[in-house]
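Protein chains in written order, with my numbering: chain A, 82 to 368; chain B, 82 to 368; chain C, 82 to 368; chain D, 82 to 368; chain E, 82 to 368; chain F, 82 to 368.
Beta carbons: idealized from backbone N, C-alpha and C, even for Gly.
Number of protein chains: 6
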Amino acid sequence: MRPAPQPLHPLQYEELVRRSLVEDLGAAGDRTGDALLAPGEVAAGRIRMRRPARVCGLEVALCAFRQLDPALEAEIALAEGADAEAGAEIAALRGSARALLAAERTALNLLGHLSGVATATRDLVRRVAGTRARIVGTRKTLPGLGALQKYAIRVGGGANHRFGLYDAVLIKDNHLALCGGVAEAVRRARRSAGHMVKLEIEVETLEQLDEALAVGVDAVLLDNMPPALLRRAVERVGGCALTEASGGITPDNVAEVAAAGVDVISVGWLTHGAPAVDVGFDLDPIR
Amino acid sequence: MRPAPQPLHPLQYEELVRRSLVEDLGAAGDRTGDALLAPGEVAAGRIRMRRPARVCGLEVALCAFRQLDPALEAEIALAEGADAEAGAEIAALRGSARALLAAERTALNLLGHLSGVATATRDLVRRVAGTRARIVGTRKTLPGLGALQKYAIRVGGGANHRFGLYDAVLIKDNHLALCGGVAEAVRRARRSAGHMVKLEIEVETLEQLDEALAVGVDAVLLDNMPPALLRRAVERVGGCALTEASGGITPDNVAEVAAAGVDVISVGWLTHGAPAVDVGFDLDPIR
Amino acid sequence: MRPAPQPLHPLQYEELVRRSLVEDLGAAGDRTGDALLAPGEVAAGRIRMRRPARVCGLEVALCAFRQLDPALEAEIALAEGADAEAGAEIAALRGSARALLAAERTALNLLGHLSGVATATRDLVRRVAGTRARIVGTRKTLPGLGALQKYAIRVGGGANHRFGLYDAVLIKDNHLALCGGVAEAVRRARRSAGHMVKLEIEVETLEQLDEALAVGVDAVLLDNMPPALLRRAVERVGGCALTEASGGITPDNVAEVAAAGVDVISVGWLTHGAPAVDVGFDLDPIR
Amino acid sequence: MRPAPQPLHPLQYEELVRRSLVEDLGAAGDRTGDALLAPGEVAAGRIRMRRPARVCGLEVALCAFRQLDPALEAEIALAEGADAEAGAEIAALRGSARALLAAERTALNLLGHLSGVATATRDLVRRVAGTRARIVGTRKTLPGLGALQKYAIRVGGGANHRFGLYDAVLIKDNHLALCGGVAEAVRRARRSAGHMVKLEIEVETLEQLDEALAVGVDAVLLDNMPPALLRRAVERVGGCALTEASGGITPDNVAEVAAAGVDVISVGWLTHGAPAVDVGFDLDPIR
Amino acid sequence: MRPAPQPLHPLQYEELVRRSLVEDLGAAGDRTGDALLAPGEVAAGRIRMRRPARVCGLEVALCAFRQLDPALEAEIALAEGADAEAGAEIAALRGSARALLAAERTALNLLGHLSGVATATRDLVRRVAGTRARIVGTRKTLPGLGALQKYAIRVGGGANHRFGLYDAVLIKDNHLALCGGVAEAVRRARRSAGHMVKLEIEVETLEQLDEALAVGVDAVLLDNMPPALLRRAVERVGGCALTEASGGITPDNVAEVAAAGVDVISVGWLTHGAPAVDVGFDLDPIR
Amino acid sequence: MRPAPQPLHPLQYEELVRRSLVEDLGAAGDRTGDALLAPGEVAAGRIRMRRPARVCGLEVALCAFRQLDPALEAEIALAEGADAEAGAEIAALRGSARALLAAERTALNLLGHLSGVATATRDLVRRVAGTRARIVGTRKTLPGLGALQKYAIRVGGGANHRFGLYDAVLIKDNHLALCGGVAEAVRRARRSAGHMVKLEIEVETLEQLDEALAVGVDAVLLDNMPPALLRRAVERVGGCALTEASGGITPDNVAEVAAAGVDVISVGWLTHGAPAVDVGFDLDPIR
C-alpha cells in the first residue's frame, strides 16, 4: 500500500492563496459578480474533474473559497490523492454566491495545476511498478510554487529530490568544469557539508563514476545515459551509493530506464511541463 | 510587421525574482557552489535554447543573475521575441562563478516557462495567419505569475484578455444561472460598470446570442461552438460586437475556428499547459 | 433608486487596517490605555457623526476594532451609504476597553476620511441630478488608499474612472506632445490595446475633437472647456463616443457643466481635497 | 530664522513609493505610455506649482521617477521648504519618456498632498507669528502616510505631537470616564510610564486643570476652551506645565487662541482636511 | 505590590511567530513528525521550566502552538510573571501531535529567551530593592525582537528606556564630539525636539554635568562613573533632572551603584547577554 | 588550516537589516542626530572590539551603514573570521555623520551578537582540538536570526546541524513516546524520507542504541550520556553511524565528551546563551 504522502500545513500556502485572490480582485474587485449577485445571496455548486486525474490540492482550493467566505460548507466526495474518473465530483460547496464565483478561478487554477503534476507523476509511477525505481521531481519548479509542486509529486506517488540549493550537495557538470575533476570536487564538498547533509555527484561517463565511487558519495546522478550504459553503471555502483537516472526521461522510455536498476529517476517535466487537469465548477440549478 | 509587445518594467518582477532566489538559497545557501568555488572566482557561460523557441523572459532571467552579482556582464545574442533555432545561443554571461551557478535555476526556470508560453502562442498565431482572429490567453494563470504569463503571450504575438476580475465584466454561465437570463444580467452589469469598462457575455446558443445582441454588449464569448455554429453566430453578430471563440481549442482545430470569422480566440492551455522550453546554461571551458 | 454600490471584500482592506494599527501601537503599545485600564475591563461606546454626512467605511472601521478585540459586539444604527444628520449615532460598540481606545484613532481616521469622500461626492451628485452626467473620481488618490477612495466615491453615488495605468487607455496632452497628433496616437493605442480595453483621449479644442472622432475612440475627455464650448463639443460628438468634462470643476459650476450634456464629469478634488468628516467616539457613562 | 526641519531618510518612504507605483502599473502596466512611446525615447519636462504653496515632498516625488528610471536627471529649481508662487517651476526632469509619464501621477499625488499639508501649516504658523504658540498636528493621519504627513507639518514650520500611541501618554476624556478622575489617572500613568516618557492630560474645566496641576503633569491639553477661559487656564498653569489648545481651531480663530498664551496649538485638520496643492507636470516641446 | 507590566497585544507578535514557524517548516515541512505521526493523532504534554525562572512569553509561545493547531487546549499552571521553581510545570497542552511537535522549538525558543531576559532583570531588581533605582534595558536589542525583549524587561520588574531613535533625544559622546560641547548640543536639540519629547544627555565628568544642568535637561546619563563619583553627581543634580547610571553594571556592583542614589540603572546585558532559560516540553505518557 | 566557512549572500540579510533600521528610525527618525548634525556633515570613526573576540558579521554591519549612506567608505582592518585582541580596530568608516550615528546601534547589535556566537564556538572548538569531534549548533535559534546564527557558528570553526524541521529527520524522545519504539519509528521515517535526506535518532540507553543500529540510521544522538557511557556507545556504533553527543555540554566538560570519540557535539547554548561581544564605535576627533 502506498504510504500517505507528507502533507502540507495551511501555514505553507495560506499566504500564497491570499495573494492570489488579492491579485485577482485588484482594486476594483469582482466587477461581474458584484454587479449581478446580491451580497447575501447563497449558492451551491460542485467541483468536477473533467478528465481522469489524481486529485491534488483540494485543501488549497478550499482555502481560497474560505478566505472569501469563512462560513463556506464543503462536502468532499473524493479525497486528496484519490483517482477520479472523467466527470467525477470532487466536492460540493455551499456558501456566498459572490464568494464562490470570485474565488473560483484561483481555486481551480491551483487544483488543476497540482492535480496535473500529481497525475503525471502517478502515470510515470505506474510505468515503473515492479522495479526499485522511485520517480522524483527536480528543482525545475515555478517561483513561489515549489513547495506545492513538490507536494503534488508526493501525492502522485513520487518522492522529492532537493528542495533548493540549501538541503543537499549536488555537484553538476558546471561545477566540475570549474574545480578540476570529480575527486577534488567531492573532497571540497565533503569538508564543507555538515554531517546531516547528503552529497550527490552528476557523472556522464563510467570513468567519472569510478572516480566518484573511489572517493565515496551518497548518490550518483547518471546523466543522460542510454539504458545499456545505465545498466553497467548501476552494476559498477554495486549498492555503494544510491543511483539516479536523469535527462531525457519520457513516459515512453521510463520503464526501460527503471529496468536498468536505478534507485531514483528524476523528471523535470513533472513540474515544468505537465499540463493542468481541466477542473470545472458548476453551480447547482436553483430549485 | 508585428508591433513590439507591451513590455514589463523591472518593478513588476524584481520582487518575484528576489523571493525566488531567497527561496532557493534558503538559510543554508548554495551548499554546493559555496563548497566548491572561491568567493572571487570568475566564470563565463552561455544560455542556449535546446529546442526551437521564441525567446521570452530574458530580462527577467538576467535580473536573477544580477541580483546575485550586480557586476554581471551580459552580451545578448538573440533579443526578446526572437525565434531561436535549436542550440542557438541567447546570451553570454560573465561574472562571479558562485552567482552564476546559484542564480542559474531561478533564471532558467523563468526563461524556460515564459519562452514556453510565448512559443506555444506563436505557434497558434501562425496557424491563424491571414484571418482576422487574434489569439488571447485567459485568467487560467498561476498564482504570482499572471503578469509574466500575460506578457509572454504578447511576446508570442498574442493579445491579452482580462487580467483579473477587476478590469472588465465577463458574464459566464454560472452568473446566468443565478440572475435570470441574459437580458437581466446585462442590464444589471451595465448599470454597475464604469464608463471605461467593457462588457462581455458568454453564450452557448444562438438564442442567447440574440438576446445579448438585443440588449447590447461589447463582446460575446461563443462557448464551445462547433465551427458551423460559430460561423452562423459571427454572421448574426454582424460586426455589432466583438466575437470570441473559446473552449476546446487545439492546434489542430484553431485554423478552422479562425476561419469562422471570429475576432478573438481564447486559449487557457497557453498558460496552464504549454510545456517549458528546455534552456541550458553551460560554462565556457577555462582557457 | 440608486443601485447598491459595488462593495469591498475584507481581503481588500484587512492588511491596510492591520498595518495601520501596528504603526499606531509601535513597539511600546498604547502607553495610556495600558497604564489606565485593566486587561479584562469592558466598556461600551458610540460612534457618532459630528456633522451631516454620508456614512462610508463602517465595515473598515469595525475591522480595526475587531482586530484588537475579536469578540467585539457592534450594533449598527446607520448603515453604510446612509445620510447621517449631525450628532447621529452610527454604531454602538461593546468590548475590551483597551481595544476600544487603542483602535479608536485608526478606525475613526478611516471612517472620517472615507465619509468625507462619499459626502463630497454625494453633494456633487445632487447638484447634477436630472442631467445625464455621472460624477467620477480620478487617479489623484493617495498611496495605498486608492481602492478605498474609489469605493467611497461609489458610496457617494458617483462612479469610477480608471483605477490605474493598467485598466484603460487614456491619451493625454503629454502623450500627444510626444507622438505627433491625435490620429497617430489613437492608431498606435488601438493596435496595442486588448479587445477588452477602452480608449479615451483628452482634447482641448474642437479641431482635436474632430480628429479623434474621425479615427474613432470610446470616450473623449474635454479638458478645461468653458460651458459654451463644452456644449458644442457634445453636439459634435453626437453620441458617437462617451463625453467627459474635466478640469476646474467646482461645486459652483458643476451643474452648468452637467447641463452641457456630458456623460461624465471627473473631479480630482474628491480624493485629494475633500475634508474628512468629523467622527466622534464617546464611551457610555458607566452605570 | 526657521531651523531646518527634521528630514526623512529615503528608507522611510522608498517602500511606500514602490508600492504606489506597483499599484498604479498593476499587472498590465501603463497601457497608454507603452502603446505610444518607444522604449528608448527620451523626454524632458517641468514640475510646476499651479498655486502659491510651500514645496514639500520633492525628494519623495523624485524617488518615484527614479524608481522607474534610475538614470533620471533632475535639476531642482525650488528647494524643499521654499515658498513657490503660482506657476513657479519646481524641478526640471529629463529621462525615459515612458518612465516620466508612468511615474507622474504617483509623484504628483505625493508632492501635491504633502505640499498641501505644509502650506496649510505655514499659513497657520504665520497667523500666530509673534506669539509663543507652536502649531502641531495630531494623530488624525492617514494609514501608511503618518510619517510623511508629520514631516510635512515640520516643513510648514509646525512641530509634531505624538506620532502614535507609543511615544507619550495622553489621557483623554474617554480614559477619565473609565478610571475615576484626573488624580487617579495621572497616578496610574506615572507609575507605568518610563522615565523618558512625557505625560499629558486633556481637561475641559478649570477644576480638572487644578486637579491635574496638583498631581503634576508635563502638559495639559485644554480642550475646546473659548479664548477667555483659555487665558485663565494658562494663567492658572503659570508655567508649571506646557499648555496645549485643541479643538475647533480654524484659520479665523487661531490668532486669538495663540494670544491666550498657550505653548502649543494642535490642529487635526492639517492632516485630514488640508486640500492638496495643484501640481502640474508639462513636457517640454520637442525641438 | 509590583504593578502589572504593560502587556503586548497579539498583533505585536503574531507575524513574528508566523514567520518563525514558516522558517522552521520550510518548503518540505516537518519531515520527522509528518513521517511518524498520523494527521489526526492527538497528544498532550507539559511545558516545564528546567531551572528557577520568571515566566515570560507564555502567550507568545501558545500563539506558536495555536497557529499550527487552532483547536489547541491549554491549561496554564503558572501565569506570566510568576516565579517558577526548577521543574515547575508552566502549562499543560493538548492537541494535534504533529502541531505540538512542529511548533515546540519555535515556542520554546521564544519562551526560553524571554524568560531569560525577565529572570535576569528580576535578579537585578531584587539586588536594588529598597533603593529608588529602577532597572532599565537599552537599545542593545536583537533585530525584530526589540518589542518582545523590552516587554520581558517589564515582566522582570524593570522599566524601559528609549525603544528606538525616534522616541526621545539622547545626546551621547559621539554627538558631543561633532557639535561642540554640551550647551550647544542641548540648545540645538531643545529647538528641534517636539513638546512631548524628553531630552537626556550622557556626561562623563562633573564639569560636563554642570554644563548640562546649567542649560537644563530632563535626564542625565552618568557614564561609567565609579560609585563615589556617581554619588557626587547625584548630589550635584539635586533632583533637577533624572539621573541614570550606565556602563559596566554587573550583578556584583549593581547594589552599590543603586546606593549612590540614581533614579535609573540601564543595563545592556539584559538584552544581549542574558542566557535563555532552559524550558522543556514533555509529552504525557499515553494511557 | 581551517577551511573558509560557507558565506552568506547579502540577499540573505539585507531585508533583515533594512527592517531593523526602519524599526529603529520609526516614523520620527533619529531625533538626536537630526537635531545636532547638519545633513551634509561628514564624520569618520572606528569600530573596535572591546574584548578579545572572533570577528563575525562585519559585512552585515557594513550593510547597515551603507543602507543609510550608500557612499560610505570602509577600510577593513581585521577580516571576518579573524581573532581580535581587546581594543583592536576592526574597521574604519567615513561617511555621513547622520548615517554613521543612526546606523551604529543596528550595526553593532548584529556585529556584537554574531561575534559573540562565533567567539563562544571558537572557544569550544579549541577545547576539542586534536579529537575527531566537531562542534555544532542546534535549532535553538532566535526568530529571524537563524541563518545568521548558523553562519556565526561556521565562522567560529563549528559546523551546522539541521537548519529547520525540513532538512533532515531527527527522531526525538517525544516522537518515540508516540510511535512505539525505535525500530518502528526508523522504519516509518525511512519510508517517508527522500533519498537525499539523512536520518538521525536520539537514544538515551545502549538498548535503544542497539535497536537503532539494528535497523540502520545515518546518525545517533547520544542524549545526556555521561562520558563513560558515551565511550561505550561510540564503541558499540563502531563507525556504522555518525555519533553525536548532546545535552549538558559546558566548556568544562566538552573536552571529556570529545575524548569519548564522538563525531559531533551539539551545543544549544551557542545560539541562545552566548553573550554578545562588546563592540564600540568611536568617532575620530575632528582635526
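Beta-carbon proximity check, residue i vs residue j, cutoff 8 Å
i	j	result
T352/B	K253/B	no
A228/B	L106/B	no
V250/D	A116/C	yes
H256/B	L223/A	no
L280/F	V298/F	yes
G114/F	A357/F	no
H242/E	G275/D	yes
V345/C	R215/C	yes
G225/C	G225/D	yes
T187/C	A145/C	yes
Opposing strand residues paired with residue i [DSSP bridges]
i	result
M277/B	DSSP, once it has assigned bridges, lists no residue as partnering M277/B.
F362/C	I128/C
R135/B	D164/B
V301/F	I282/F, T324/F
R215/D	V345/D
I157/B	A172/B
Helix, strand or coil at residue i according to DSSP, with G and I counted as helix
i	result
M82/E	For M82/E, the predicted structure reports a pLDDT of 39, less than 50, and the residue's modelled location is therefore unreliable. The matter cannot be settled from this model.
I330/D	coil
E96/C	helix
V263/F	helix
D105/A	helix
T369/A	With chain A covering 82 to 368 only, the question about residue 369/A has no answer from this structure.
R243/B	coil
E292/C	helix
R220/E	coil
L257/E	helix
I367/B	coil
A357/D	coil
heavy atom of the ligand ADP below 7 Å from residue i C-beta
i	result
A228/E	As far as ligands go, the structure on display features none, and thus does not contain the ligand ADP.
**Item:** Three or more C-beta pairs below 8 Å linking the stretch 136-143 of chain C and the stretch 205-219 of chain C
**Value:** no
**Request:** Indicate whether the contact test is met: 3 or more Cβ pairs, each with one atom in the stretch 328-340 of chain B and one in the stretch 165-173 of chain B, closer than 8 Å.
**Result:** Segments in contact, no.
**Prompt:** Contact between the stretch 360-367 of chain D and the stretch 229-243 of chain D: three or more CB pairs below 8 Å?
**Reply:** Because the criterion of three Cβ pairs below 8 Å is not met, the stretch 360-367 of chain D and the stretch 229-243 of chain D do not touch.
**Asked** Is the number of C-beta pairs between the stretch 266-275 of chain D and the stretch 121-135 of chain D that are closer than 8 Å three or more?
**Response** Contact fails: fewer than three Cβ-Cβ distances are below 8 Å.
**Request:** Give a yes or no on contact between the stretch 154-167 of chain E and the stretch 97-106 of chain E, applying the rule of three or more CB pairs nearer than 8 Å.
**Result:** no
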